[in-house]
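The next block holds one structure in the form of structure tokens; read it before the comments.
Residue numbers (the working numbering): 4 to 459.
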């Protein structure tokens, strides 16, 4: 038996479906199980007895309901007993908490001049179902309920924003060199807490929100969000500091779309991936391949890593009308994409002296296939490793099939042609002169007539 070639590319594939009735934000990143989530909580705190009892009984549905009831009824919104000195932690307005998942802290503009804020994680309330402090998508300052604030038209100023903690200090905005990733602010040279400039928040109905999505996203190594805010008058305006995080679970409506994935390894050369998407209506489908390389390129529906001196990988999609493909690497806006976990970090061959960034993630090329179509639908990909110094030409396409199955034509290097039939044992699937009742059958179609190579 010929040795099996290792697929050296790290191919992490995720399929996300969006469509009518689904939320606009795509859901990304790793997921916590119910067990992991509750294991991270301190269930010995007063008031969490019913949550602990439900966990002990293995009833996670009841544990979620009890935890929600605890947050809704506890008298102390910080959940940590006696309040420590500092900004008041009022409830943010209902309007600010109805369409997102994360953490929030509210403050009232009851001061004049510059005031320092040091908000620890204990100062924030948990809203809905955030992923956690290891994935903060963005931070916003939002003016709440403008109709109820009669003196909310005074400009505010922000300066010296930073994260501090055991992970060190991360500068989020000093504005000396511009606004950076901040939206809703104007650079101002008239008022500054330190240096020569600050960020001016023109507090008008058109700019009630200040946002930054380009910050560090893993806050686990940081305890405190610090900033200075200047108000020329004690207006009584209410401001919510919002940290948007991901949802722990897919919403119930996302169950309207089901992805049945089949992965076939055709020894010793390549993998065939089949995604069968079931549902109704028009949806947007995305397939993501995170490559453990530095560089990649696209040619039609085929993407490949192109690092010199190492093995590479080819990802070939079967052409489908309206199928789009792009490569993302190290993107932080409008969403985080093109990274792999910190344990896989290494210096780039282009910059061998580079040190690991504070967030620990490594930017890698991520191949993103996108298709907006009416379900049901089928997407097929072929993945093939490339030896060092070799550039292999690989393509694939769907073939017409009779019966409940899939037929894929694969064009391999050196003119080799294959047809892979995938079905269910005992159910006949055929494509022209080729057929099988086994789960997988591979035919050599290089000659004038197909020849069965193997069955499983």
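Ideal Cβ positions, reconstructed from N, Cα and C, are used throughout, including at glycine.
According to the neighbour-count rule (16 or more other Cβ atoms, all chains shown, within 10 Å of its Cβ), is residue i buried or exposed?
| i | result |
| --- | --- |
| residue 143 | buried |
| residue 268 | exposed |
| residue 74 | exposed |
| residue 427 | exposed |
| residue 311 | exposed |
| residue 365 | buried |
| residue 318 | buried |
| residue 340 | buried |
| residue 153 | Per-residue confidence for residue 153 stands at a pLDDT of 40, beneath the threshold of 50, marking its modelled position as unreliable; the derived number appears in the next sentence. Counting Cβ neighbours within 10 Å, residue 153 comes out exposed, since fewer than 16 surround it. |
| residue 193 | exposed |
| residue 444 | buried |
| residue 284 | exposed |
| residue 304 | buried |
Can you tell me which of the three DSSP states residue i falls into?
| i | result |
| --- | --- |
| residue 182 | coil |
| residue 225 | coil |
| residue 52 | helix |
| residue 319 | strand |
| residue 299 | strand |
| residue 294 | coil |
| residue 403 | coil |
| residue 343 | strand |
| residue 416 | helix |
| residue 69 | helix |
| residue 410 | strand |
| residue 254 | Note that residue 254 scores 47 on pLDDT, short of 50, meaning its location in the model is unreliable and no value can be drawn from it. |
| residue 58 | helix |
| residue 366 | strand |
Measure the alpha-carbon distance for residue i versus residue j and round it to whole angstroms.
| i | j | result |
| --- | --- | --- |
| residue 457 | residue 174 | 60 angstroms |
| residue 424 | residue 271 | 17 angstroms |
| residue 187 | residue 196 | 19 angstroms |
| residue 459 | residue 129 | 51 angstroms |
| residue 388 | residue 314 | 7 angstroms |
| residue 54 | residue 180 | 49 angstroms |
| residue 43 | residue 421 | 50 angstroms |
| residue 376 | residue 330 | 21 angstroms |
| residue 108 | residue 226 | 15 angstroms |
| residue 229 | residue 120 | 6 angstroms |
| residue 40 | residue 110 | 29 angstroms |
| residue 411 | residue 61 | 45 angstroms |
| residue 146 | residue 234 | 14 angstroms |
| residue 57 | residue 71 | 13 angstroms |
| residue 392 | residue 316 | 12 angstroms |
| residue 437 | residue 265 | 20 angstroms |
| residue 247 | residue 328 | 28 angstroms |
| residue 150 | residue 201 | Any answer about residue 150 is weak, because its pLDDT of 42 lies below 50 and its placement is not dependable; what the coordinates show is given next. Their Cα atoms are separated by approximately 27 angstroms. |
| residue 259 | residue 278 | 16 angstroms |
| residue 286 | residue 66 | 33 angstroms |
| residue 244 | residue 116 | 19 angstroms |
| residue 214 | residue 118 | 20 angstroms |
| residue 133 | residue 105 | 5 angstroms |
| residue 184 | residue 224 | 22 angstroms |
| residue 242 | residue 160 | 13 angstroms |
| residue 45 | residue 158 | 41 angstroms |
Could you give the residue range of the beta strand (DSSP E) that holds residue i?
| i | result |
| --- | --- |
| residue 242 | 241-248 |
| residue 462 | Nothing can be reported for residue 462, as the shown portion of the chain is limited to 4 through 459. |
| residue 125 | From DSSP, residue 125 is part of no beta strand (DSSP E); its letter is neither H nor E. |
| residue 262 | 261-269 |
| residue 381 | 380-389 |
| residue 335 | Element bounds for residue 335: n/a, residue is neither H nor E. |
| residue 433 | 432-434 |
| residue 279 | 273-281 |
| residue 374 | 369-377 |
| residue 313 | Taken as a continuous stretch (DSSP letters only), residue 313 belongs to no beta strand (DSSP E), as it is neither H nor E. |
| residue 438 | 437-439 |
| residue 214 | 212-215 |
| residue 47 | Where residue 47 is concerned, there is no enclosing beta strand (DSSP E), given that its DSSP letter is neither H nor E. |
| residue 190 | 189-191 |
Who are residue i's beta bridge partners in DSSP?
| i | result |
| --- | --- |
| residue 108 | 244 |
| residue 452 | Answer is none; residue 452 lacks a bridge partner. |
| residue 74 | According to DSSP, which records beta bridges pairwise, residue 74 is partnered with nothing at all. |
| residue 172 | 167 |
| residue 306 | 301 and 318 |
| residue 231 | 119 and 162 |
| residue 446 | 422 and 455 |
| residue 141 | 247 |
| residue 397 | Note: residue 397 sits in no beta bridge, so no partner. |
| residue 194 | Beta-bridge pairing links residue 194 to no other residue. |
| residue 146 | 242 |
Could you pull the start and end residues of the alpha helix (DSSP H) that residue i belongs to?
| i | result |
| --- | --- |
| residue 40 | 37-42 |
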